Amino acid sequence: MPIRFTTLFLRFPYNYCPRTMSDSQLQLDVSKLPRHIAIIMDGNGRWARERGEDRVFGHYEGVLSVRAIVDECGVLGIKYLTLYAFSAENWNRPIDEVNALMELLVNTIRKEVEDLKKNNVKLHVIGDFDSLPPLARQEMGEAMELTAGNTGLNLILALSYSSRHEIVRAATKLCAMVKANQLQPDAITEDHFKQCLYTAPFPDPELLIRTSGESRISNFLLYQLAYSELYFTPVHWPDFRKKHLHEALMAYQKRERRFGKTSEQIQNER
Ligand code: FPP
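Put into structure tokens, the structure is as follows:
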């Protein structure tokens with residue numbers, strides 16, 4: 007992979023020069039970074055169990071990885087990062103773990119909100135917001151308000167999120183529009199559908215990363231991942247740091263994204 011110093015100097019913030027960059031960062035082609043990365047942060051429980059600790063310990067350590075990856079996405083100029091922090095199915099976990107995760111979420115946002123503000127990160131939540139405990143709703147709501155004017159990285163937390171639910175919800179919204187005579191059924195386009203998803207304001211992710219060796223999507227962004235590159239790594243989430251993000255990005259940059267076209271067509275378009 008070529009090292010493109012000119013592009014590096016152009017794209018990275020003024021205080022960030024190649025001399026301070028890690029080897030893996032230098033191997034990235036900054037002109038070919040995804041705009042939107044989505045991550046299924048898996049393996050917290052196994053990471054903790056392997057150390058003889060309670061599963062919740064893994065979630066606490068996982069927050070350090072969240073911090074590192076948010077920082078690095080900001081440095082790289084990535085515009086959107088979606089983290090699968092709590093699925094709708096996660097409500098079925100033991101109540102102590104659910105409570106610990108909600109508490110962790112509230113405490114982390116409370117602790118980090120000033121830094122998010124300072125680092126120009128804009129916080130969003132997708133999912134069934136109303137099903138979250140009142141304190142979590144309050145903390146998330148305040149953090150979204152405080153960071154609403156930021157223009158750097160959009161950090162999108164998927165909380166109480168189910169992609170199937172999101173799709174059914176979109177269909178219900180469209181039906182209501184049809185019923186209200188605002189839309190004719192045969193006039194419904196993909197764009198109408200997209201506008202009814204939680205993710206309406208965001209582009210689709212170009213890259214999905216799942217940690218901890220599982221190769222499935224687990225009800226995450228099923229519609230939005232239609233053309234995303236999928237990257238699976240055996241690294242457990244609490245061990246996932248910027249070096250691993252760079253590895254995922256390097257793998258992404260080696261892929262040829264064809265969107266149904268032939269390889270020759272793609273070469274000719276370059
Ligand atoms: C999956 O690992 C992880 C989760 C269900 C929770 C992820 C949440 C965090 C890392 C904290 C997020 C905090 C913020 C502020 C975004 P698992 O428990 O399913 O692991 P296992 O597959 O090894 O059991």
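Numbering (my numbering), first residue to last: 7 to 276.
Note that CB positions come from ideal geometry on N, CA and C, so glycine has one too.
Owing to the predicted nature of the structure, the values given are computational and were not obtained by experimental measurement.
Residue i - DSSP class collapsed to helix/strand/coil
i, result
"Ala260", "Looking at the sequence provided, one finds Lys at residue 260 rather than Ala. Correct three-state label for Lys260: helix."
"Asn187", "coil"
"Leu123", "One point to set straight first is that residue 123 is Lys, not Leu, in the sequence displayed. Correct three-state label for Lys123: helix."
"Leu87", "strand"
"Ala44", "strand"
"Ala154", "coil"
"Ile162", "strand"
"Ile272", "helix"
"Glu30", "The displayed chain sequence assigns Ser, not Glu, to residue 30. Three-state DSSP puts Ser30 in a helix."
"Ser71", "helix"
"Leu39", "coil"
"Ser168", "coil"
"Leu111", "helix"
"Leu129", "strand"
"Thr13", "Reliability of the predicted coordinates at Thr13 is poor, the pLDDT of 39 falling under 50, and the value obtained from them is presented with this limitation in mind. Helix."
Status (buried if at least 16 other CB within 10 Å, exposed otherwise) for residue i
i, result
"Phe93", "For the record, residue 93 in the displayed sequence is Ser; it is not Phe. Buried."
"Asp102", "exposed"
"Lys128", "buried"
"Arg216", "buried"
"Tyr258", "buried"
"Tyr233", "exposed"
"Glu220", "exposed"
"Trp97", "exposed"
"Gly147", "exposed"
"Asp278", "The structure shown does not extend to residue 278, since the chain is modelled only from 7 to 276, so the question has no answer here."
"Leu141", "exposed"
"Glu172", "buried"
"Phe265", "exposed"
"Val174", "exposed"
"Ile272", "exposed"
Whole-Å CB distance - residue i paired with residue j, under 8 Å assumed
i, j, result
"Ser218", "Pro240", "7 Å"
"Pro211", "Leu231", "6 Å"
"Ser37", "Pro244", "About 32 Å; that fails the 8 Å criterion."
"Lys179", "Cys202", "4 Å"
"Tyr90", "Ile43", "That pair is no contact at about 12 Å."
"Leu159", "Leu107", "Not a contact, Cβ separation roughly 23 Å."
"Ile162", "Ile115", "The pair is not a contact, with the Cβ atoms about 13 Å apart (cut-off 8 Å)."
Within-8 Å CB hit, residue i to chain C
i, result
"Ile223", "Among the chains of the structure shown, chain C does not appear; only one protein chain is present."
Between the stretch 217-230 and the stretch 166-176, do three or more beta carbon pairs fall short of 8 Å?
yes
Do three or more CB pairs link the stretch 59-76 to the stretch 143-152 at distances below 8 Å?
no
Kindly provide the ranges of any beta strand (DSSP E) runs that are 3 or more residues long and lie completely inside the stretch 197-266, ordered along the chain.
213-216 and 235-238
The stretch 125-138 touching the stretch 53-73, judged by at least three CB pairs closer than 8 Å:
No, the stretch 125-138 does not touch the stretch 53-73.
Using 8 Å as the Cβ pair cut-off and three pairs as the minimum, do the stretch 194-205 and the stretch 120-127 touch?
no
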